[in-house]
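Trainee: End of the sequence shown sits at 288 in full-length UniProt numbering; the numbers just go up one at a time, nothing left out.
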Amino acid sequence: MNKVYIKIALAILSVADYMQNIAFARNYISNINSSNEKGKHQLPSNPEEAKQAEEVMADVLDIAQQLAEHTDDYKLYYKIDEGAILYSKKVNNVKVGKLDLIIPNPDCYADVVNMIWDPNGAANFDDTFIKGSIPQIYNQNLLVIQQRYESIVGPWDRYYHALANKVELSEDKTAILLVSSDMNDHCGSSLKNYVNPIVQSANSFKPEIDSQKDIRNGKLYKMYINLVAFFIKKEFDCIKITYISSVSNLKVLIDANPPWFVPRIAVRKMTSIKIINIVKLRDIFKKK
1 MNKVYIKIAL AILSVADYMQ NIAFARNYIS NINSSNEKGK HQLPSNPEEA
51 KQAEEVMADV LDIAQQLAEH TDDYKLYYKI DEGAILYSKK VNNVKVGKLD
101 LIIPNPDCYA DVVNMIWDPN GAANFDDTFI KGSIPQIYNQ NLLVIQQRYE
151 SIVGPWDRYY HALANKVELS EDKTAILLVS SDMNDHCGSS LKNYVNPIVQ
201 SANSFKPEID SQKDIRNGKL YKMYINLVAF FIKKEFDCIK ITYISSVSNL
251 KVLIDANPPW FVPRIAVRKM TSIKIINIVK LRDIFKKK
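#1: Of all the options Tyr224, Ile278, Asp172 and Pro47, which has the alpha carbon lying nearest to the alpha carbon of Asn184?
#2: Straight-line CA distance for Asp111 to Asp73?
#3: What are the start and end residues of the beta strand (DSSP E) that includes Pro135?
#4: I need the straight-line Cα distance from Ser211 to Asn165, nearest angstrom please.
#5: Quick one, which of Arg282, Lys286 and Lys274 has its alpha-carbon nearest Asp127's?
#6: Thinking just about the alpha-carbon of each residue, which of Ser133, Ile80 and Ala53 is nearest to the one in Val199?
#7: How far does the alpha helix (DSSP H) with Ile215 in it extend, from its first residue to its last?
#8: Could you have a look at Asp62 and say whether DSSP puts it in helix, strand or coil?
#9: Which residues does DSSP pair with Leu227 in a beta bridge?
#10: Return the chain-ordered list of same chain residues with a C-beta closer than 8 angstroms to the C-beta of Pro197, the five sequence neighbours on each side being excluded.
#11: Opposite Val179 in the DSSP bridges: which residues?
#12: Can you tell me where the alpha helix (DSSP H) with Tyr109 in it begins and where it stops?
#13: Would Lys286 be called buried (16 or more neighbouring beta carbons within 10 Å of its own) or exposed?
#14: From this set, Thr71, Ser180, Ser204 and Glu208, which residue's C-alpha is nearest Gln136's C-alpha?
#15: Just curious, the beta strand (DSSP E) that Lys90 is in, first and last residue?
#16: Using only CA atoms, which one of Lys98, Val144 and Asn124 lies nearest to Met57?
#17: Taking a contact to mean a Cβ-Cβ separation below 8 angstroms, would you say Asp59 touches Ser201 in this structure?
#18: Check the C-beta distance from Pro106 over to Cys238 and give it rounded, since I have them as a contact under 8 angstroms.
#19: Where does the unbroken beta strand (DSSP E) through Ile198 begin, and where does it stop?
#20: Quick one, which of Glu69, Cys108, Ile80 and Leu67 has its alpha-carbon nearest Phe236's?
#21: Who are Ser170's beta bridge partners in DSSP?
#22: Can Phe125 and Lys280 be called in contact, C-beta distance under 8 angstroms?
#23: Which residues in the same chain as Gly121 place their Cβ atom closer than 7 angstroms to its Cβ, once the five residues preceding and following it in sequence are excluded?
#24: Grab me the residues of Glu55's own chain with a C-beta within less than 7 angstroms of its C-beta, minus the 5 sequence neighbours each way, in chain order.
#25: By the DSSP assignment, the beta strand (DSSP E) with Tyr77 in it spans what residues?
#26: Kindly list the residues whose CB is nearer than 7 angstroms to the CB of Ile276, restricted to its own chain and excluding five residues on each side of it in sequence; keep chain order.
#27: Taking 8 angstroms as the threshold (C-beta atoms), are Leu99 and Tyr221 in contact?
#28: With a CB to CB cut of under 6 angstroms and the five nearest residues on each side skipped, what residues in its chain are close to Arg282?
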């Protein structure tokens with residue numbers, strides 16, 4: 001076949017694949033809106049942005065797998081019981097937390113994956129959760145999500161934007177990944193640019209986010225996720241979850257970067273709440 005025709009054919013296939021992703025995305029949004037009230041949803045008009053998002057999340061998966069598998073240098077942080085143990089270590093001068101959780105019900109695998117992947121799934125196990133939304137979607141398994149939480153201290157509710165990816169690693173193992181970058185959500189309270197200390201490729205990913213008025217007016221406190229990963233695996237007699245989260249100089253599972261007036265006791269409180277919330281999955285899905 002003539003080289004020119006080959007190039008044309010490849011270009012057509014590339015566009016067709018992108019349009020198929022858009023079709024999946026429209027379906028996905030329709031399904032979400034039918035069961036939950038959400039904010040704005042925006043489909044990307046730039047396939048290069050979608051491609052970059054895929055590349056960033058490929059890096060996130062690689063880094064998260066290394067953090068999950070190379071465990072020798074972790075130190076025990078807190079042991080709830082034999083089925084829920086938290087470890088920590090430092091990477092690139094930031095804290096990394098690893099929670100090993102066992103749910104003694106192998107039949108709940110799909111339900112666990114669906115709850116964690118749902119932008120509003122945290123409503124089932126986090127009392128401070130307000131709501132989740134999807135401001136940007138690249139395909140049914142690659143999104144930008146926004147989640148909002150009530151304030152633990154002070155008058156400001158909290159929120160974050162993060163690139164989210166669901167990856168089926170095998171028939172019985174799924175990874176769900178989150179990472180923040182310096183997205184332009186027009187936040188009125190941001191004082192400096194965010195630099196992700198764990199995922200370097202995320203620092204060049206700067207999509208425009210059509211955020212709500214309260215964010216633009218600086219009414220919410222902005223959080224960042226350096227890296228969060230759930231590895232969910234179905235075993236013969238249980239579900240094993242490895243939860244990885246990197247933080248910036250704070251022992252909390254989602255890096256809230258609290259300002260100077262937030263006391264350390266509040267930081268420890270946030271730590272405990274985040275751990276307990278993830279462990280609540282075990283109670284939700286325990287075998288009846």
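The beta carbon of each residue, even a glycine, is placed where N, CA and C say it ideally should be.
Model, not experiment: these values are computed from the prediction.
Mentor: Concretely, from the data shown:
#1: By one-based count along the sequence shown, residue 184 stands at place 184. For Asn184, the closest C-alpha among the options Tyr224, Ile278, Asp172 and Pro47 is that of Tyr224.
#2: Position 111 of the sequence shown holds residue 111. Position 73 of the sequence shown holds residue 73. Straight-line spacing of the CA atoms in Asp111 and Asp73 works out to 32 angstroms.
#3: The residue you call residue 135 lines up with position 135 of the sequence shown. Counting along the chain, the beta strand (DSSP E) containing Pro135 begins and ends at Phe129 to Asn139.
#4: Locating residue 211 in the sequence shown gives position 211, counting from the first residue. Locating residue 165 in the sequence shown gives position 165, counting from the first residue. If you take the alpha carbons of Ser211 and Asn165, they lie about 20 angstroms apart.
#5: Stepping through the sequence shown from its first residue, residue 127 is reached at position 127. By alpha-carbon distance to Asp127, the top candidate from Arg282, Lys286 and Lys274 is Lys274.
#6: Translated into positions along the sequence shown, residue 199 becomes position 199. Ranked by how close their Cα comes to the Cα of Val199, the residues Ser133, Ile80 and Ala53 have Ala53 in first place.
#7: In the sequence shown, counting from the first residue as 1, residue 215 sits at position 215. Where Ile215 is concerned, the enclosing alpha helix (DSSP H) starts and stops at Lys213 to Arg216.
#8: Here residue 62 is taken as the residue at index 62 of the sequence shown, counted from 1. Asp62: helix per DSSP, three-state reduction.
#9: Taking the sequence shown and counting its residues from 1, one reaches residue 227 at position 227. Leu227 is bridged to Ser246.
#10: Along the sequence shown, one-based indexing puts residue 197 at 197. Correct list, in chain order: Asn92, Asn93, Val94, Asn226, Ser246 and Ser248.
#11: Within the sequence shown, numbered from 1, the residue matching residue 179 stands at position 179. Looking at the DSSP assignment, Val179 forms a beta bridge with Leu163.
#12: To locate residue 109, count along the sequence shown from 1; it is residue 109. Residue range Tyr109 to Trp117 is occupied by the alpha helix (DSSP H) that includes Tyr109.
#13: Working through the sequence shown from its first residue, we reach residue 286 at position 286. Lys286 should be labelled exposed.
#14: In the sequence shown, residue 136 corresponds to position 136, counting from 1. Ranking Thr71, Ser180, Ser204 and Glu208 by Cα distance to Gln136 puts Glu208 first.
#15: Taking the sequence shown and counting its residues from 1, one reaches residue 90 at position 90. Per DSSP, the continuous beta strand (DSSP E) segment holding Lys90 begins and ends at Ala84 to Val91.
#16: For this step, residue 57 is matched to residue 57 along the sequence shown. Comparing Cα-Cα distances from Met57 to each of Lys98, Val144 and Asn124, the minimum goes to Val144.
#17: Here the question's residue 59 lines up with position 59 in the sequence shown. Here the question's residue 201 lines up with position 201 in the sequence shown. Result yes, Cβ atoms of Asp59 and Ser201 sit closer than 8 angstroms.
#18: As a working mapping, residue 106 is identified with position 106 in the sequence shown. As a working mapping, residue 238 is identified with position 238 in the sequence shown. Yes, Pro106 and Cys238 are in contact; Cβ-Cβ is about 6 angstroms, under 8 angstroms.
#19: Here residue 198 refers to the residue found at position 198 when the sequence shown is read from its first residue. Neither: Ile198 is in no beta strand (DSSP E) and is coded neither H nor E.
#20: The count along the sequence shown starts at 1 and reaches residue 236 at position 236. When each option's Cα is compared against that of Phe236, the closest is Cys108.
#21: What you label residue 170 is simply residue 170 of the sequence shown in a count that begins at 1. Answer is Lys173, bridged to Ser170.
#22: Residue mapping note: residue 125 aligns to position 125 of the sequence shown, counting from 1. Residue mapping note: residue 280 aligns to position 280 of the sequence shown, counting from 1. Result yes, Cβ atoms of Phe125 and Lys280 sit closer than 8 angstroms.
#23: Translated into the one-based positions of the sequence shown, residue 121 becomes position 121. Here the set comprises Met115.
#24: Position 55 of the sequence shown, counted from the start, is the residue given in the question as residue 55. Excluding positions up to five away in sequence, the list reads Ser201.
#25: Here residue 77 refers to the residue found at position 77 when the sequence shown is read from its first residue. Run containing Tyr77: Lys75 to Asp81, per the beta strand (DSSP E) assignment.
#26: Start at 1 with the first residue of the sequence shown, and residue 276 comes out as number 276. Closer than 7 angstroms at the Cβ level, and outside the excluded window around Ile276, lies no residue.
#27: Your numbering for residue 221 matches position 221 in the sequence shown. Your numbering for residue 99 matches position 99 in the sequence shown. In this structure, Leu99 does not lie closer than 8 angstroms to Tyr221 by Cβ.
#28: Within the sequence shown, residue 282 is the residue found at index 282, counting from 1. The residues are Ile103.
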